[in-house]
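Going by our numbering, the sequence shown opens with residue 173, and the numbers climb by one from there.
The beta carbon of each residue, even a glycine, is placed where N, CA and C say it ideally should be.
Model, not experiment: these values are computed from the prediction.
Please read the structure below before turning to the comments.
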Amino acid sequence: MKFSVAFEYPVRYIPRGARKPREEILYATSEIDIRELNGGFHSPDAFVARNPTENALKVYRERAEQQNLVDCLGRLSGGIHLRGHDGALWEDTWRTASERFFDIDGPQLREGGDIYRDPDFERRIRLYSSPRPDSEPQAGAIHWRRWGPRQDARADLIVLRQADEARMPGRSKDLERPLKEMISSGLDAARSDVGTYVQNHFLWAHGSLHMKVPPPARSFSRENGWFAMKNHIRGSDALASGAYFRFDEYEQVKQMSEKFAGRARQVADYLGGDIQATSVDPDYMAIDKVDLGIRALRRSLHRLHDGFSELPDRCLEKWMQYRRLADSWSPVEGDPRKIIEAFVEFRDAIPRQEKIGSLVFDQLSMQCLPFLEQAPTLDLRERVRPVDDIELAALSL
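The structure is reproduced here in structure tokens:
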């Protein structure tokens, strides 16, 4: 099934009548053939759940009611239905756009505006939210390549449209100024990248477009002196820190909360009765706890106190060593044990008796303590990227 896909790419050029280069972000479209599923899903009800008290659902219902969008108000839902196939979970893209528009809406679509004072809400609903679960949105299906509670990278956005050519909101295909000289263009690389991504992450099934999504999960994290147990019903790829658990590992999360009960003012439980899961297929609940934990450690690199640069040289050298190892990590390559050891060495080198050192140490502990507690129970063996060249793989020293 062919779809028009809109994507962004950078250009650097010298405008006519100018001397200095100028950088812009343009968009282009590519026609991509999405594979079709012949027959049914291997697990049609791999994960079926509902969260009637979801905060985003409440906010968007209030906005729809304020603007008298009766049709939108009636279809917004706290339910989620994921299907299992080929070892992955798949979500109906058009149904999500219809019933869970709050999942795909983002600051970029409203140009950073506050959802509570957003004059463009009705237009976005009309363009990007399907009037029916089995129909394509008028302007195409919005998709964020890296999903999170708040999308913070505009380049993650793509638009897929079956009926006509897709368009990228807030972008142009043409340069703002006449061209004198093109220095560089990321068009070819972006086109190749988005083609591979779409073919790997989308399929056409049962008359609708489906997208691959990460498994739901549970997490245990520390936030401002207290600990929180949370559900990530929309996917384990959410921007959170701490220790992650499979969705069906409820008892393990509770056990960790009991270990930490005396280390904070309170333990807040968000795992309660709000999430009503009626179908959970354990074969599709697997998550990479090591990768999620390492990513939580990596986020600590960018969330340190403003006075971080005042730490002693020895401490900063430990931080640089930790940063090199953490930045080189990928799910298929890297040594998690060395990364964790480098993190601990950096943390232990911080002079806690000084004010700045104490603040930095507390920041690190806040985000990373739960994962460090969980790490000894995980498989921390070094990961080696598989060799694609058959002849090279056959060589031995």
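In angstroms with no decimal places, state the Cα-to-Cα distance between residue i and residue j.
i	j	result
V220	L254	6 angstroms
L248	F273	7 angstroms
W262	L483	47 angstroms
P182	T265	27 angstroms
E271	G212	23 angstroms
Y494	E526	22 angstroms
H257	A498	32 angstroms
P305	S380	9 angstroms
R267	R295	19 angstroms
P388	E554	26 angstroms
E195	A361	17 angstroms
R363	D460	29 angstroms
G358	L473	28 angstroms
R322	D507	The pLDDT assigned to R322 is 42, lower than 50, so where the model puts this residue is not dependable; a value taken from the coordinates is nonetheless given after this. So the alpha carbons of these two residues sit roughly 30 angstroms apart.
Buried or exposed: which applies to residue i, given that a residue is buried once 16 or more other Cβ atoms fall within 10 Å of its Cβ?
i	result
H378	exposed
V504	exposed
I475	A small correction: the amino acid at residue 475 is Arg; Ile does not occupy that position in the sequence shown. By the neighbour-count rule (16 or more Cβ atoms within 10 Å), R475 is not buried but exposed.
V177	buried
Q539	buried
E226	buried
Classify residue i as helix, strand or coil using the three-state DSSP reduction.
i	result
M538	helix
V425	helix
D264	strand
H257	strand
S357	strand
P548	helix
G251	strand
V177	strand
V183	strand
H378	coil
A190	coil
R295	helix
G320	Note on G320: pLDDT 47, under 50, position unreliable in the model; the coordinate value appears next. In the structure shown, G320 sits in coil (DSSP, three-state: anything other than H, G, I, E or B).
A325	Since pLDDT at A325 reaches only 46, below the 50 mark, its modelled position is unreliable, and the value read off the structure follows with that caveat. Three-state result, A325: coil.
S391	strand
Taking Cβ positions only, does residue i come closer than 7 angstroms to chain D?
i	result
Y416	Within the model displayed, chain D is absent; a lone protein chain is all it includes.
Requested in this report: Report yes or no: do the region 509 to 525 and the region 459 to 476 share at least 3 C-beta pairs separated by less than 8 angstroms?
Outcome: yes
Query - Uninterrupted alpha helix (DSSP H) stretches inside the region 436 to 522 (no shorter than 4 residues) - result: 461 to 471, 485 to 499, 508 to 521
Query raised in the report: Counting Cβ pairs, one atom from each stretch, are 3 or more of them under 8 angstroms apart for the region 203 to 221 and the region 229 to 246?
Result: no
Requested in this report: Tell me, please, whether the region 379 to 396 touches the region 340 to 356 by the rule of three or more beta-carbon pairs shorter than 8 angstroms.
Outcome: no
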